[in-house]
Amino acid sequence: MSDFIEGQPISKLPQTLQDAVRISHNLGFKFIWIDALCIVQDDENDWVEQSALMADIYRHSSLNLCAADSAGCGSGIVEMAAPHLMEIAAATTQFTDAGLRETVVLVGGPISRYVIDWSGCGLLSRGWVFQEGLCSPRGLYVSRRHGLLWDCGTMIDMIDSDESILTGDADHAFNPRNERRSFLSLTKLPKHDSMAARNFSFTWYDWIREFTSRYLTRKTDRLPAVAGMASYVASLSGMKYKAGLWEEDILRGLMWRGAPTWSWASINGPVCYDEFFNMLVNKRGKIDHHAELDLEITDTIIEEEQAGTFGNVRRGEIKASGVLKHAATMLLREQWEPKWGFDIQPTEPEADVLEHCQVLRLARVYRDKQYTSPVVYFLIIRKTGRRENEYQRVGQGRIELEYDQHPNRLRFSFREWESPKLKPSPSEENMWGEPEKVVMVLV
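Residue numbers (full-length UniProt numbering): 1 to 443.
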């Protein structure tokens, strides 16, 4: 720290940082923010505090310069761009009537509008970089394999190279424009509009799917690495953030597959969400009339290690009331063909583990207007042994039921039979019996 206070020559910086300073200066910028220089690396408190500010830092920047192939600070940027090097000129226009200035960067060479495969670029496989690319209004990516790529909220263009890999498969291609557009659209999210807030969680969990597929050196960085995004979303939407999930839409947040065990931040590796989203919530952000929620959330408690940072949590719990069934009884019967899985594969035989677990029903989604053939979504939980009715999540799944088309079996309710017309099928009565809700705590 004392060295930087006294001032250090640029030549003493690692090559990548030297190149970043030189490029920024040549483009006419007077200031540059580099996390390795602007965050005290050995100070955990400073790191946590700055993590929550990341979205604002990148959101208010003019340009995010990315050394896409970089294996470290010593790799350099200019050397990577050498095969595709060109002179970059900046032309500045003065708008005298409004006192505004606009800088236009002119780039020469053939332009491709295809999305290319950047999966081999080291920088873009890092978890922390996802938030940086998402929040920045503009990005200039430099790659030895692919040359230069310009990306902003309205366009993505690149200088072609002979080694470019073209693909139309968006699931396996790096397309920063898609994520950035969804982030920039947050400025249009009405504050405290519950419908818009719930609908936005579609986008949030798409981001989480992408983020969790990337590499983090420390597992404990999972929540800090999205803290800036979460802080910004919370400030715009008025939603309450709960360890990677949103309280206003927490049932959908629980249905991830592969912190507290109910949060995706509790495991290493990528997570994803299935069609539960599309089937449960309609385009207006409301619960579809073809869906019924079974888990009643009464409270969520989060204790952050440092309050207000949207980062790591010391403890977290969900208080809820729901229907439980013995997991082995439910999931080992072939006639229902349940689709389920553990969050972390156990070392013991699955059947032995399920003997000590419960199935917690989350929701049911009817797949047609006649209320037949519902899909039942559930969590697999087990007692912690620390206090009564305290459970931790160990897995998730769904059961797709087929129903007799007899008119008397078309409409039904799991919770109560409100009318003679609402009758369950015999197989459903055998599955759940008399449903009885249990008060519990998920940790």
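Note that beta-carbon positions come from the ideal geometry of N, C-alpha and C, so glycine has one too.
Residue range Glu296 to Glu304 is occupied by the beta strand (DSSP E) that includes Thr300. Collapsing the DSSP output to three states places Gln396 in a strand. With 16 or more other Cβ atoms from the protein chains shown falling within 10 Å of its own Cβ, Asp19 counts as buried. Rounded to the nearest angstrom, the gap between the Cα atoms of Arg387 and Arg138 is 51 Å. By DSSP's assignment, Asn64 forms a beta bridge with Gly139. Counting along the chain, no alpha helix (DSSP H) covers Trp340; the unbroken beta strand (DSSP E) around it starts and ends at Lys339 to Phe342. Between the alpha carbons of Ser321 and Ile208 lies a distance of about 27 Å. In the DSSP assignment, Arg22 falls within the alpha helix (DSSP H) that extends over Gln15 to Asn26. Look at Ser266 here: in three-state DSSP terms it is helix. Pro270 sits close to Thr212, with the two beta carbons spaced by under 8 Å. Spatial neighbours of Val129 in its own chain (CB-CB distance under 7 Å, excluding positions within 5 residues in sequence) are listed in chain order as Leu123. Put simply, the backbone Cα of Arg361 is about 14 Å away from that of Tyr391. Residue pairing by DSSP puts Val438 in a beta bridge opposite Gly322. Only buried fits Ser263, as 16 or more other CB atoms lie within 10 angstroms of its CB. Relative to Tyr273, the option among Gln8, Glu210, Phe31 and Lys219 whose CA is nearest is Glu210.
Burial of Ile399 is indicated by the presence of at least 16 other C-beta atoms within 10 angstroms of its C-beta. By the criterion of a C-beta distance shorter than 7 Å, Ser231 is surrounded in its chain by Ala52, Ala55 and Phe310, once the five residues flanking it on both sides are discounted.
In the three-state reduction of the DSSP assignment, Gln41 falls in the coil class. Residue pairing from DSSP places Ile381 in a beta bridge opposite Gln358 and Arg393. Counting the other Cβ atoms within 10 Å of the Cβ of Ala36 gives fewer than 16, which makes it exposed. If you ignore the 5 residues before and after Tyr141, its C-beta comes within less than 6 Å of the C-beta of Cys66, Ala68 and Leu149, all in its own chain and listed in chain order.
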